[in-house]
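Chemist: Before I ask anything, here is the structure I am working with.
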Amino acid sequence: MPIIAPIPRDERRLMQKAIHKTHDKNYARRLTAMLMMHRGCRVSDVARTLCCARSSVGRWINWFTLSGVAGLKSLPAGCARRWPFEHICMLLRELVKHAPGDFGYQRSRWSSELLAIKINEITGCQLHGCSAWRGCIIMGCGICWCVGAKMCGMRPGR
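If you use our numbering, the sequence shown corresponds to residues 60 to 217, in order.
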């Protein structure tokens, strides 16, 4: 009795093409495993051929059964963003347009710590002052951090 449902010919051809075209070799291994299972190979034979554990083959079969070929694709590398980056950039741009006194602060010039405090109040996320500074550098807000005054272009002394 086959472990997976029969795969239609056109889907098998697309899987074979994806194996040859993809740069993600783990995805290619998972597709190859499903094609071998379709041909009638046992889980142990597939695992031995692809140099992986039988439990991995079982997991791939489960993914394929639940989601099809899309379930075998790899997730993007790295962890998800912790902060709403676009929202924070927009806030930085808007905050820099105004003076800190407009928000009830006694300072007349923005500092990275003051920007971080204001962003933390608005968004509720814990942004550090150096992250606010990096955000201003990336966006090119044009803040002179030496004297805290707005300027056009680069920081003085560089």
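Glycine included, C-beta positions come from ideal geometry on N, C-alpha and C.
Would you kindly report the start and end of the unbroken alpha helix (DSSP H) that includes Lys84?
Modeler: In the sequence shown, the residue the question calls residue 84 occupies position 25. Note, Lys84: alpha helix (DSSP H), 84-98.
Chemist: Which whole runs of the beta strand (DSSP E) in the region 98-131 are 3 residues long or more, in chain order?
Modeler: none
Chemist: Please list the terminal residues of the continuous alpha helix (DSSP H) segment that includes Phe144.
Modeler: As a first step, residue 144 must be located in the sequence shown, where it is residue number 85. Phe144 -> alpha helix (DSSP H) spans 144-156.
Chemist: Can you tell me whether Cys138 is helix, strand or coil according to DSSP?
Modeler: Position 79 of the sequence shown, counted from the first residue, corresponds to residue 138. Here Cys138 sits in coil by DSSP.
Chemist: Which residues mark the beginning and the end of the alpha helix (DSSP H) in which Gln75 is found?
Modeler: As a working mapping, residue 75 is identified with position 16 in the sequence shown. Looking at the DSSP string, the run of the alpha helix (DSSP H) that includes Gln75 is 68-80.
Chemist: By the DSSP assignment, the alpha helix (DSSP H) with Ile176 in it spans what residues?
Modeler: On the sequence shown, residue 176 is found 117 positions in, with the first residue counted as 1. Taken as a continuous stretch (DSSP letters only), the alpha helix (DSSP H) holding Ile176 covers 171-182.
Chemist: Taking the beta carbon of Met74 as the centre, do at least 16 other beta carbons fall within 10 Å, making it buried, or is it exposed?
Modeler: Position 15 of the sequence shown holds residue 74. Met74 is buried by the Cβ-count criterion.
Chemist: Check whether the region 62-71 and the region 93-100 touch, using three or more Cβ-Cβ pairs below 8 Å as the test.
Modeler: yes
Chemist: Give the C-beta separation of Cys184 and Ser171 to the nearest angstrom, bearing in mind that I take them to be a contact with Cβ-Cβ under 8 Å.
Modeler: Counting from one through the sequence shown, the residue named residue 184 turns up at place 125. Counting from one through the sequence shown, the residue named residue 171 turns up at place 112. Not confirmed; about 16 Å, so no contact.
Chemist: Which word fits Ile181, buried or exposed, when buried means at least 16 other C-beta atoms lie within 10 angstroms of its C-beta?
Modeler: Numbered from 1 along the sequence shown, position 122 holds the residue referred to as residue 181. By the 10 Å Cβ count, Ile181 comes out exposed.
Chemist: Do you know how far the Cα of Gly163 is from the Cα of Val155?
Modeler: Along the sequence shown, one-based indexing puts residue 155 at 96. Along the sequence shown, one-based indexing puts residue 163 at 104. Using only the alpha carbons, I get a separation of about 15 Å.
Chemist: Quick one: residues in its chain with C-beta nearer than 8 Å to the C-beta of Gly137, no 5 flanking neighbours on either side, listed in chain order?
Modeler: Indexing the sequence shown from 1 puts residue 137 at position 78. Excluding sequence neighbours, Gly137 sits near nothing in its chain.
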